[in-house]
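Keeping their order, the protein sequence lines are chains A and B. Under UniProt numbering, residues 1 to 344 are what the first sequence spells out, in order. Under UniProt numbering, residues 1 to 344 are what the second sequence spells out, in order. C-beta atoms are modelled at their ideal positions from N, C-alpha and C, and glycine is treated no differently. Given the structure is predicted, the values throughout are model-derived calculations rather than measurements. The next block holds one structure in the form of structure tokens; read it before the comments.
There are 2 protein chains.
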Amino acid sequence: MDDKTMVTVAELGRMVESIFMRAGFNAQQAVAIARIITAAERDGAKSHGIYRIEGCLRTLAAGKVLAHARPELIDEGSGVIRVLADGGFSPAALDLGLPVLTARAEKLGLAALVINDCVHYSALWPEVEALAERGLAGLAMCPSYAAVAPAGGVRPLLGTNPIAFAWPRAAAAPYVFDLATSAAARGEIELLARAGKPLPQGWALDAEGTPTTDADAGLAGALLPFGGHKGSALATMVELLAGAMIGDLTSQSALDELGSLDLAPRHGELILAFSPARFAAGRPADPQVQAEALFDAMLGQGARLPGQRRLAARARAEAEGIALDAAELALLDRLQREGLAALG
Amino acid sequence: MDDKTMVTVAELGRMVESIFMRAGFNAQQAVAIARIITAAERDGAKSHGIYRIEGCLRTLAAGKVLAHARPELIDEGSGVIRVLADGGFSPAALDLGLPVLTARAEKLGLAALVINDCVHYSALWPEVEALAERGLAGLAMCPSYAAVAPAGGVRPLLGTNPIAFAWPRAAAAPYVFDLATSAAARGEIELLARAGKPLPQGWALDAEGTPTTDADAGLAGALLPFGGHKGSALATMVELLAGAMIGDLTSQSALDELGSLDLAPRHGELILAFSPARFAAGRPADPQVQAEALFDAMLGQGARLPGQRRLAARARAEAEGIALDAAELALLDRLQREGLAALG
């Protein structure tokens with residue numbers, strides 16, 4: 001409302017890119033990071049937008065991410081393509097792997113991209129959405145750092161461990177969801193703590209492992225998985241497939257190495273790509289027809305498709321620009337001019 | 001307690017096999033079905049044990065499963081192996097595909113088994129457990145028939161859509177879970193309805209789409225997904241990957257074709273296999289070491305691993321036999337002697 005400034009998506013992208021260049025990142029890293037942060041801001045996903053920039057720069061200042069990382073692709077022609085992120089942020093590694101993953105999934109029907117040794121701050125939905133825009137279904141997951149108690153447990157062990165999925169649609173933007181396997185994000189609890197408000201039941205345990213609705217007690221204790229033992233099982237699967245199996249860190253090891261919940265953690269990521277054309281080859285039913293009938297039936301009974309709000313924000317941003325308030329603009333300006341020194 | 005008879009796992013297996021032979025199934029179908037039903041009974045998973053036999057036979061009597069089905073393997077050397085189940089039950093199709101799936105996952109790092117045109121009555125955990133016993137991680141899913149309303153919806157559309165996962169352990173039985181993406185199974189609601197008890201909040205909607213704790217109203221309405229919109233998104237993913245993508249039926253189409261919630265539905269299934277050895281190749285971290293550290297930490301804080309109760313029941317059954325009551329024995333006996341005529 002009051003004193004918002006409109007910037008175009010491209011303008012914001014250039015600002016974010018120049019912040020990361022000014023802080024010392026090489027162009028490969030800066031371009032990839034800026035695109036992901038700008039996409040989140042464009043889609044109204046503020047929690048993964050420009051809000052994340054300072055955390056990324058603090059991670060660099062703490063020596064926990066490599067500004068000059070050069071991701072390396074390892075491809076032996078199998079179904080598993082690996083990118084060693086070289087201690088850089090994940091987006092540059094993904095950019096390197098995505099074309100190979102796409103081609104391999106089209107050839108074999110499915111393929112996996114393993115990213116190792118990456119530092120992670122971004123949402124997974126842009127990654128699977130990129131696959132769906134190439135006509136593939138995508139399923140991505142990664143650990144984070146120990147913050148969530150397993151069902152029946154009392155202490156943090158699992159990460160918030162997101163699972164993201166995208167399905168390609170011929171005549172619409174992809175069907176995309178990206179869900180944390182925790183009942184809530186740590187950031188949501190921090191907001192309630194600052195506002196002095198209670199937590200909903202089922203979000204957190206206190207430091208003694210007892211369920212609590214006190215936000216400060218929850219921050220000192222552990223988050224809980226969504227959906228009880230089922231969500232806990234899915235979060236454990238993420239640790240196993242996207243941590244242990246790919247020869248990378250679990251959420252507990254990532255926290256042990258990082259020693260802080262305030263910096264971006266280093267671990268790996270698993271992205272699966274599926275070719276519906278190959279999976280349905282020779283079958284009478286058309287995947288697109290079946291899927292569209294499902295979406296129509298959902299919308300027809302008043303259910304929403306996940307991502308509808310994001311897509312609406314995207315359309316608005318592309319037509320009218322992104323609205324930034326004075327504080328946001330001042331921050332972007334200061335980070336561009338002062339680099340890491342702006343962190344104070 | 002009172003008048004239980006102990007039968008060995010092998011004895012029960014032969015009884016179940018002879019029931020399916022007597023009912024007219026060919027040996028390939030009968031052997032595979034009997035093994036899965038017996039495994040469930042052995043593991044104390046009564047809801048998928050001998051309790052299921054009558055439903056299977058009723059499905060045959062209704063002409064909705066083919067007793068003489070001969071599954072056919074289609075393998076073009078890619079990452080996707082297909083078995084056309086020929087309208088038979090799923091276990092025989094799985095038996096045909098499993099060795100090829102294993103070999104392909106070991107070669108490519110990952111592979112998928114698609115089962116099409118199968119009739120489904122069994123749990124998914126025996127399937128992924130079989131993969132883990134071969135040293136692979138397994139992830140399986142399938143639709144069922146429309147019984148669950150999507151989050152925000154008012155009518156049945158999704159199935160109870162299970163997701164099962166198994167992880168191979170070097171010195172212990174595999175880590176296995178098998179979870180319905182609905183808050184509860186229809187059978188659980190039927191039991192509460194018969195007992196005249198109320199439903200927990202969040203299990204069901206009535207026929208008008210309003211949340212209800214009345215069990216009869218819930219049976220006339222719709223089940224709800226577990227975990228709100230997150231469970232709903234995962235259930236939708238199952239429809240897309242294991243229904244639409246593989247050129248087979250969604251839960252709504254399966255119900256439309258079957259016309260009944262009392263018979264076993266016909267649809268497809270998707271089983272993914274991953275080779276941890278290939279996924280971790282060249283990495284410093286050992287998947288087994290990381291995974292065992294995770295399990296130790298879970299158990300160390302009082303959390304259980306899924307399947308612990310099943311494994312305990314299995315050990316008991318293998319040492320002491322399976323306890324059947326008089327009614328169960330009488331039923332098995334009658335089905336062996338009378339075949340489909342025993343259904344009355």
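Which of the three DSSP states, helix, strand or coil, is assigned to B/P225?
-> Here residue 225 of chain B refers to the residue found at position 225 of the second sequence. B/P225: strand per DSSP, three-state reduction.
In three-state terms, what does DSSP make of B/I246?
-> The sequence position of residue 246 of chain B within the second sequence is 246, counting from 1. Three-state result, B/I246: coil.
Boundaries (first-last residue) of the alpha helix (DSSP H) holding B/W125 = The residue given as residue 125 of chain B occupies position 125 in the second sequence. B/W125 -> alpha helix (DSSP H) spans W125 to E133.
DSSP-derived helix/strand/coil call for A/L241 | Stepping through the first sequence from its first residue, residue 241 of chain A is reached at position 241. In the structure shown, A/L241 sits in a helix (DSSP, three-state: H, G or I).
A/V154 vs A/L139 beta-carbon contact at 8 Å = On the first sequence, residue 154 of chain A is found 154 positions in, with the first residue counted as 1. On the first sequence, residue 139 of chain A is found 139 positions in, with the first residue counted as 1. Result no, Cβ atoms of A/V154 and A/L139 do not sit closer than 8 Å.
Just to confirm, are B/N161 and B/V238 a CB contact at a threshold of 8 Å?
-> If you number the second sequence from 1, residue 161 of chain B lands on position 161. If you number the second sequence from 1, residue 238 of chain B lands on position 238. Yes, the Cβ-Cβ distance between B/N161 and B/V238 is below 8 Å.
Does residue 353 of chain A get closer than 8 Å to chain B when you measure Cβ to Cβ?
-> This structure leaves residue 353 of chain A out entirely; chain A is present only between 1 and 344.
Roughly how many angstroms lie between the CA atoms of A/L329 and A/S47, to the nearest whole one?
-> Indexing the first sequence from 1 puts residue 329 of chain A at position 329. Indexing the first sequence from 1 puts residue 47 of chain A at position 47. Answer to the nearest angstrom: the Cα atoms are 17 Å apart.
DSSP beta-bridge partners for A/W203?
-> Along the first sequence, read from residue 1 onward, the residue named residue 203 of chain A stands at position 203. Answer by DSSP bridge pairing: none, since A/W203 is not bridged.
Whole angstroms is fine: what's the gap from A/A254's alpha carbon to B/S251's?
-> By one-based count along the first sequence, residue 254 of chain A stands at place 254. By one-based count along the second sequence, residue 251 of chain B stands at place 251. Spanning the two alpha carbons is a distance of roughly 40 Å.
What's the gap between the Cα of A/E157 and the Cα of A/I36?
-> Within the first sequence, numbered from 1, the residue matching residue 157 of chain A stands at position 157. Within the first sequence, numbered from 1, the residue matching residue 36 of chain A stands at position 36. Correcting the residue identity first, residue 157 of chain A is Leu in this sequence and not Glu. Our two residues, A/L157 and A/I36, have alpha carbons roughly 28 Å apart in a direct line.
Chain B partners of A/V83, CB-CB under 9 Å?
-> What you label residue 83 of chain A is simply residue 83 of the first sequence in a count that begins at 1. Taking a Cβ-Cβ cut-off of 9 Å, A/V83 has no neighbours in chain B, whose nearest Cβ is about 13 Å from it.
Within 10 angstroms of its Cβ, does A/G196 collect 16 or more other Cβ (buried), or is it exposed?
-> Walking along the first sequence from the start, residue 196 of chain A turns up at place 196. Flag for A/G196 reads exposed.
By the criterion of Cβ-Cβ separation under 7 Å, what are the contact partners of B/P287 in chain A?
-> Here residue 287 of chain B corresponds to residue number 287 of the second sequence, with the count starting at 1. Within chain A, the residues A244, M245 and G247 have their CB atoms less than 7 Å from the CB of B/P287, given in chain order.
With 16 other Cβ atoms within 10 Å as the buried cut-off, status of A/R266 = In the first sequence, counting from the first residue as 1, residue 266 of chain A sits at position 266. The residue is buried, with at least 16 neighbouring Cβ atoms inside 10 Å.
What did DSSP end up calling A/P306 once you bin it into helix, strand or coil?
-> One-based indexing of the first sequence puts residue 306 of chain A at position 306. Coil at A/P306, not helix or strand.
Can you name, in chain order, every residue of its own chain whose Cβ lies under 6 Å from the Cβ of B/C118, other than the five neighbours on each side?
-> Mapped onto the second sequence, residue 118 of chain B falls at position 118. A85, S90 and A93, listed in sequence order.
Beta-carbon proximity of B/W203 to B/A183, cut-off 8 Å | Locating residue 203 of chain B in the second sequence gives position 203, counting from the first residue. Locating residue 183 of chain B in the second sequence gives position 183, counting from the first residue. Result yes, Cβ atoms of B/W203 and B/A183 sit closer than 8 Å.
Give the single residue among B/A315, B/S78 and B/F165 whose Cα lies nearest to the Cα of B/P306.
-> Residue mapping note: residue 306 of chain B aligns to position 306 of the second sequence, counting from 1. Closest by alpha carbon: B/F165.
Return helix, strand or coil for B/R82, following the three-state DSSP convention.
-> Against the second sequence, residue 82 of chain B aligns to sequence position 82. Strand, per DSSP.
Answer with yes or no whether the minimum CB distance from A/N161 to chain B is below 8 Å.
-> Taking the first residue of the first sequence as 1, we reach residue 161 of chain A at position 161. Not closer than 8 Å to any Cβ of chain B, the Cβ of A/N161 fails to qualify, so no.
Would you please verify whether the beta carbon of B/V148 is less than 8 Å from any beta carbon of chain A?
-> On the second sequence, residue 148 of chain B is found 148 positions in, with the first residue counted as 1. With its beta carbon at least 8 Å from every one in chain A, B/V148 lies outside the interface.
Give me the Cβ distance between B/L179 and B/I189, rounded to the nearest whole Å; I'm assuming they're in contact under 8 Å.
-> Sequence index remark: in the second sequence, residue 179 of chain B carries index 179 (1-based). Sequence index remark: in the second sequence, residue 189 of chain B carries index 189 (1-based). Separation of the CB atoms of B/L179 and B/I189 is rounded to 17 Å, and the pair is thereby denied contact status at 8 Å.
Indicate whether A/P198 and A/D216 have their beta-carbon atoms separated by less than 8 Å.
-> For the purposes of this step, residue 198 of chain A is taken as residue 198 along the first sequence, with counting starting at 1. For the purposes of this step, residue 216 of chain A is taken as residue 216 along the first sequence, with counting starting at 1. Contact: no.
Counting along the chain, where does the beta strand (DSSP E) carrying A/G138 start and finish?
-> Taking the first sequence and counting its residues from 1, the one referred to as residue 138 of chain A is at position 138. If you look at A/G138, you'll find it in the beta strand (DSSP E) that goes A137 to M141.
Of all Cβ atoms in chain A, is any one closer than 8 Å to the Cβ of B/F25?
-> By 1-based counting over the second sequence, the position of residue 25 of chain B is 25. By this cut-off, B/F25 is not an interface position.
Opposing strand residues paired with B/M6 [DSSP bridges] = Within the second sequence, the letter at position 6 stands for residue 6 of chain B. B/A323, per the DSSP bridge assignment.
The region 309-324 of chain B touching the region 284-304 of chain A, judged by at least three CB pairs closer than 8 Å = Contact between the region 309-324 of chain B and the region 284-304 of chain A is absent, because fewer than three Cβ pairs lie under 8 Å.
With a cut-off of 8 Å, does the C-beta of A/L335 fall near any C-beta of chain B?
-> As a working mapping, residue 335 of chain A is identified with position 335 in the first sequence. Contact of A/L335 with chain B is not assigned, every C-beta pair being separated by 8 Å or more.
When you check each C-beta in the region 101-119 of chain B against every C-beta of chain A, which residues fall closer than 8 Å?
-> Those residues of the region 101-119 of chain B that come within reach of chain A (Cβ to Cβ, closer than 8 Å) are K107, L108, G109, L110, A111, A112, V114 and N116.
Should A/A34 be labelled buried (16 or more other beta-carbon atoms within 10 Å of its own) or exposed?
-> If you number the first sequence from 1, residue 34 of chain A lands on position 34. By the 10 Å Cβ count, A/A34 comes out buried.
Identify, in the order they occur along the chain, each residue of the same chain with its Cβ nearer than 6 Å to the Cβ of A/E292, setting aside the five sequence neighbours on each side.
-> Your numbering for residue 292 of chain A matches position 292 in the first sequence. Around A/E292: no qualifying Cβ.
Using a cut-off of 8 Å between C-beta atoms, extract the partners of B/P306 located in chain A.
-> Position 306 of the second sequence, counted from the start, is the residue given in the question as residue 306 of chain B. Within chain A, the residues H229 and A233 have their CB atoms less than 8 Å from the CB of B/P306, given in chain order.
Does the ligand HEM have a heavy atom nearer than 7 Å to the CB of A/Q288?
-> For the ligand HEM, the structure offers nothing, since it holds no ligand at all.
Counting contacts by CB-CB distance shorter than 8 Å, is B/G44 in contact with chain A?
-> Counting from 1 along the second sequence, the entry for residue 44 of chain B is found at position 44. Not a single CB atom of chain A sits nearer than 8 Å to the CB of B/G44.
DSSP puts A/T213 in a beta bridge; with which residues?
-> Within the first sequence, residue 213 of chain A is the residue found at index 213, counting from 1. Answer is none; A/T213 lacks a bridge partner.
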